[in-house]
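> Below: one structure in structure tokens.
Protein chains: 2
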Amino acid sequence: MNFQSFNPPRRILMGPGPSDISPEVLAALSRPVVGHLDPLFVSMMDEVKALLQYAFQTKNEFTIALSAPGSAGMEACFVNLVEAGDKVIVCRNGVFGDRMIQNVIRSGGEAIIVDSPWGRAVEVDKVEQALIANPDAKCLAFVHAETSTGAVSDAKVLCALAQQHDCLSIVDAVTSLGGIELKVDDWGIDAIYSGSQKCLSCVPGLSPLSFSEKAVNVIKNRKSTVQSWFLDQSLVMSYWSGAGKRSYHHTAPVNSLYGLHESLVQLQNEGIENRIARHKEQHEMLAKGLAKLGIEFIVPEEERLPQLNAIYIPEGVDDAKVRNYLLNKYNLEIGAGLGDLAGKAWRIGLMGYAARSENVALCLAALEDALNQ
Amino acid sequence: MNFQSFNPPRRILMGPGPSDISPEVLAALSRPVVGHLDPLFVSMMDEVKALLQYAFQTKNEFTIALSAPGSAGMEACFVNLVEAGDKVIVCRNGVFGDRMIQNVIRSGGEAIIVDSPWGRAVEVDKVEQALIANPDAKCLAFVHAETSTGAVSDAKVLCALAQQHDCLSIVDAVTSLGGIELKVDDWGIDAIYSGSQKCLSCVPGLSPLSFSEKAVNVIKNRKSTVQSWFLDQSLVMSYWSGAGKRSYHHTAPVNSLYGLHESLVQLQNEGIENRIARHKEQHEMLAKGLAKLGIEFIVPEEERLPQLNAIYIPEGVDDAKVRNYLLNKYNLEIGAGLGDLAGKAWRIGLMGYAARSENVALCLAALEDALNQ
Numbered sequence: 001m002n003f004q005s006f007n008p009p010r011r012i013l014m015g016p017g018p019s020d021i022s023p024e025v026l027a028a029l030s031r032p033v034v035g036h037l038d039p040l041f042v043s044m045m046d047e048v049k050a051l052l053q054y055a056f057q058t059k060n061e062f063t064i065a066l067s068a069p070g071s072a073g074m075e076a077c078f079v080n081l082v083e084a085g086d087k088v089i090v091c092r093n094g095v096f097g098d099r100m101i102q103n104v105i106r107s108g109g110e111a112i113i114v115d116s117p118w119g120r121a122v123e124v125d126k127v128e129q130a131l132i133a134n135p136d137a138k139c140l141a142f143v144h145a146e147t148s149t150g151a152v153s154d155a156k157v158l159c160a161l162a163q164q165h166d167c168l169s170i171v172d173a174v175t176s177l178g179g180i181e182l183k184v185d186d187w188g189i190d191a192i193y194s195g196s197q198k199c200l201s202c203v204p205g206l207s208p209l210s211f212s213e214k215a216v217n218v219i220k221n222r223k224s225t226v227q228s229w230f231l232d233q234s235l236v237m238s239y240w241s242g243a244g245k246r247s248y249h250h251t252a253p254v255n256s257l258y259g260l261h262e263s264l265v266q267l268q269n270e271g272i273e274n275r276i277a278r279h280k281e282q283h284e285m286l287a288k289g290l291a292k293l294g295i296e297f298i299v300p301e302e303e304r305l306p307q308l309n310a311i312y313i314p315e316g317v318d319d320a321k322v323r324n325y326l327l328n329k330y331n332l333e334i335g336a337g338l339g340d341l342a343g344k345a346w347r348i349g350l351m352g353y354a355a356r357s358e359n360v361a362l363c364l365a366a367l368e369d370a371l372n373q
Numbered sequence: 001m002n003f004q005s006f007n008p009p010r011r012i013l014m015g016p017g018p019s020d021i022s023p024e025v026l027a028a029l030s031r032p033v034v035g036h037l038d039p040l041f042v043s044m045m046d047e048v049k050a051l052l053q054y055a056f057q058t059k060n061e062f063t064i065a066l067s068a069p070g071s072a073g074m075e076a077c078f079v080n081l082v083e084a085g086d087k088v089i090v091c092r093n094g095v096f097g098d099r100m101i102q103n104v105i106r107s108g109g110e111a112i113i114v115d116s117p118w119g120r121a122v123e124v125d126k127v128e129q130a131l132i133a134n135p136d137a138k139c140l141a142f143v144h145a146e147t148s149t150g151a152v153s154d155a156k157v158l159c160a161l162a163q164q165h166d167c168l169s170i171v172d173a174v175t176s177l178g179g180i181e182l183k184v185d186d187w188g189i190d191a192i193y194s195g196s197q198k199c200l201s202c203v204p205g206l207s208p209l210s211f212s213e214k215a216v217n218v219i220k221n222r223k224s225t226v227q228s229w230f231l232d233q234s235l236v237m238s239y240w241s242g243a244g245k246r247s248y249h250h251t252a253p254v255n256s257l258y259g260l261h262e263s264l265v266q267l268q269n270e271g272i273e274n275r276i277a278r279h280k281e282q283h284e285m286l287a288k289g290l291a292k293l294g295i296e297f298i299v300p301e302e303e304r305l306p307q308l309n310a311i312y313i314p315e316g317v318d319d320a321k322v323r324n325y326l327l328n329k330y331n332l333e334i335g336a337g338l339g340d341l342a343g344k345a346w347r348i349g350l351m352g353y354a355a356r357s358e359n360v361a362l363c364l365a366a367l368e369d370a371l372n373q
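Right, here's the structure in full:
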């Protein structure tokens, strides 16, 4: 056994995440490690909290970055808010809605499933019917931006429905945060999780998380102990409770948090509205070019995510062959289809730092070249 | 709100972890991000697996780095191996044995607690009595190197006892891996977890994990579904199953894994035996200096961890004042006491890259200065 240092090439990441990362965020990762209880680090965590509040557009006191990927963020929401026997209405229109169902079941809850077609938004009428048919439901859970299909759902309307029916809303914002409009307080979202590696353009491994006061009270008044020690947010709350009052839970991923801090400073400097506009602009440039190549979108225009473009693989074209060609010739990564769309779709991400004209132009040129081969 | 980039000072980390990190590992963190399904990244994960097998001294096929901190690694062991009603004998001689008990209970198991004094090794006789009294126990769990007290327990003897009594052994090696002798296969350890930020000298946030074939079979033959989706190792197994056969579970923390890979290459290049000898040597230098200062160890010599030196705070000395003095004047971090030892002890870590003569000399000089103030 004699392994050498790993020196990855510079890829252009236009898949479903991780996304391209700015040089500044990459540089932040290799700053000197400090102790996770160092007063300077604790202050930085306070800043991360304030910056995440800005990103989520919330004043929620409980706004943190979970020390694990987005799928752990999803589990943190369900495992803390759902107790044995609780009914949860889950909207499924892709892979991640399905994963929510697994989480409800493993948390001991009962999942009431509302299916909408893959590649389409969650159907609001069906959700309303389910809420009426299940007046005892505790939560309504849905994915804001389905990473597996590229469809956006109407989070504002769905959360308003949840409130009307006295349900907590649980929202997957893994791909939406920083990419499209998302207003946690205005829309009355109760529990929301995201990932660091999508439109925030940080490295993968952290999950931004925010709970409303109502959600926090539900956790504080649970009858049973949360089944997970690591994800028990009543413990994590004290860990993120701010300078001076911080109690030990686990060792924070110090350097990844440097990266997240830097990526959030960049978001603050750009301004959320500008970032959202940039995603839309780059998406329009991409869509125009794809139309010229005769490539069709899976999602109808009004339900499309600008930051994740799911397109049909043209007839007779070899999926893997094209993706490998792009990767090997151009160092360009685009995403394969997932779940029901495996082998049928590509997913082109324009997330965060990746949403740039040079990337769009390269992607279109490279794709044209690949299809001509 | 107008936050700036965070520029931490260069600290010398001689607490209980995170430990000092080599410039090479820090540099590895900021290499370009690649996709988590990129063939080059999948090959790197295969190398991480082989390097972890070397670190653990095992041929276990199931040897991975969990995408979350050591406390999630602990939970992964219990939540996968323990089902409702299972009896688990847990040895408690510090904070982390106590955390194991919480994990057993939250996994639905019954914890049989064997208490040994804080600051001492787990008492083998008591464990044997518990094994005899509980012939139906499924697992024996203990902490190899108690980070809260600095005591090492006889993992070899305890695992042999577990085997004699047909129990699976679950071993916490968070602070031991890479610091003292640890032979997973020779000692017959069934499930073991560690942390990236201790004697491996990588950034915090990852948990090396290894399960014996016997443990893997127990997981495969569970009657119930694992309560955690994120920590369900039957799903994670396919994720780490090696090039070509890899199936999607979550997005790996790409850059943290670059760091772990680099730190394991450094372990390979130094050689485990040499690293263990280095820890011992530096510990002896530190112990000699502490004796001159009249400072006493908490743990008797034969049960002392070289990499984590728990010492009594001299009478009349202000705990926090001294630690702040060291941090502010010398950029030197030493650890506070934890649990029963809070306010009574300091913990001086000599872990991985931190176990160097220059650190020991600085620590002794700075401590002498602080005590004279």
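Protein chains in written order, with UniProt numbering: chain A, 1 to 373; chain B, 1 to 373. Don't be surprised by glycine CBs; every beta carbon is placed ideally from N, CA and C.
8 Å is my cut-off, CB to CB: does Val-265/A come that close to chain B?
yes
> If we count the other Cβ atoms within 10 Å of its Cβ and call it buried at 16 or more, is Lys-138/A buried or exposed?
Here Lys-138/A is buried. Its C-beta has 16 or more other C-beta atoms within 10 Å.
> According to DSSP, Ser-169/A sits in a beta bridge with which residue or residues?
Leu-140/A
> Using Cβ-Cβ distances below 8 Å, what residues of the region 21–33 of chain B are close to chain A?
Ile-21, Glu-24, Leu-26, Ala-27, Ala-28, Leu-29, Ser-30, Arg-31, Pro-32, Val-33
> Would you verify that the beta carbon of Gln-268/B is, or is not, closer than 8 Å to some beta carbon of chain A?
yes
> Give the interface partners of His-36/B over in chain E, defined as CB-CB distance under 8 Å, in chain order.
The question asks about chain E, but that chain is absent: this structure's protein chains are A and B.
> Using a Cβ-Cβ cut-off of 8 Å (strictly less than) and excluding sequence neighbours within five positions of Leu-235/B, which residues of its own chain qualify?
Trp-229, His-249
> The beta strand (DSSP E) that contains Gly-188/B, what's its start and end?
Premise fails: Gly-188/B is in no beta strand (DSSP E) and is neither H nor E.
> Closer than 7 Å by beta-carbon distance: list the chain A residues that pair up with Gly-15/B, in chain order.
Gly-35
> Below 8 Å between beta carbons: does that hold for Asp-190/A and Ser-169/A?
In contact: Asp-190/A and Ser-169/A (Cβ atoms closer than 8 Å).
> Considering only residues of the same chain and omitting the five flanking positions on each side of Pro-9/A, which have a CB-CB separation below 7 Å?
Asn-331
> Please list the partners that Pro-208/B has in chain A, where partner means a Cβ-to-Cβ separation under 8 Å.
Simply none; closest approach about 14 Å.
> Are the C-beta atoms of Ala-215/A and some chain B residue less than 8 Å apart?
When Cβ-Cβ separations below 8 Å define contact, Ala-215/A makes no contact with chain B.
> For Cys-91/A, list the residues DSSP reports as bridge partners.
Val-114/A
> Count the CB pairs spanning the region 296–308 of chain B and the region 143–157 of chain B that are closer than 8 Å, and state whether there are at least three.
yes
> Taking a Cβ distance cut-off of 9 Å, strictly less, list which residues of the region 212–236 of chain A are near chain B, in chain order.
Thr-225, Val-226, Gln-227, Ser-228, Trp-229, Phe-230, Leu-231, Asp-232
> Apart from the five residues just before and just after Ala-84/A, which ones in its own chain have a Cβ nearer than 6 Å to its Cβ?
Gly-108
> Excluding the 5 residues preceding and the 5 following Leu-37/A in the sequence, name in chain order all residues of the same chain whose CB lies nearer than 8 Å to its CB.
Arg-246, Tyr-248
> Indicate whether at least one CB of chain A lies closer than 8 Å to the CB of Asn-255/B.
yes
> Using CA coordinates, which residue listed in Lys-59/A, Glu-303/A, Ala-345/A, Pro-39/A is at the minimum distance from Asp-186/A?
For the set Lys-59/A, Glu-303/A, Ala-345/A, Pro-39/A, the Cα lying nearest the Cα of Asp-186/A is the one of Lys-59/A.
> Given this structure, state the Cα-to-Cα distance separating Ile-64/A from Glu-296/B, to the nearest angstrom.
40 Å
> With a threshold of 8 Å between beta-carbons, can Asn-309/A be considered close to chain B, or not?
no
> Here's the rule I'm using: 16 or more other beta-carbon atoms within 10 Å means buried, otherwise exposed. How should Pro-314/B be labelled?
Its Cβ having fewer than 16 others within 10 Å, Pro-314/B is exposed.
> Name the chain A residues that come within less than 7 Å of Gln-197/B, Cβ to Cβ?
Thr-251
> Please report the straight-line C-alpha distance between Ser-212/A and Lys-288/B, rounded to a whole angstrom.
54 Å
> So is Gly-94/A buried or exposed if we call it buried at 16+ other beta carbons inside 10 Å?
buried
> Following the continuous beta strand (DSSP E) through Ile-334/B, name the residue where it begins and the one where it ends.
Looking at the DSSP string, the run of the beta strand (DSSP E) that includes Ile-334/B is 332–336.
> Please classify Ser-207/B: does DSSP put it in a helix, a strand, or coil?
strand
> Hey, quick one: how far does the beta strand (DSSP E) through Met-14/A stretch, first residue to last?
12–14
> I want to verify the contact list: residues of chain A whose CB lies under 8 Å from the CB of Tyr-54/B, in sequence order.
Met-1
> Taking 8 Å as the cut-off, does the region 365–373 of chain A touch the region 23–32 of chain B (at least 3 CB pairs, one atom from each stretch)?
Too few Cβ pairs lie closer than 8 Å, so no.
> Unbroken alpha helix (DSSP H) runs of length 4 or more, entirely within the region 23–110 of chain B: which are they?
23–29, 39–56, 70–81, 95–106
> In whole angstroms, what separates the C-alpha of Trp-118/A from that of Ser-210/A?
27 Å
> Please confirm if Leu-260/A has its CB atom under 8 Å from at least one CB of chain B.
no
> Using a beta-carbon distance below 8 Å, is Gln-57/B in contact with chain A?
no
> May I ask you to report which of helix, strand or coil DSSP gives Tyr-248/B?
Looking at Tyr-248/B - three-state DSSP - the assignment turns out to be coil, as it is neither helix nor strand.
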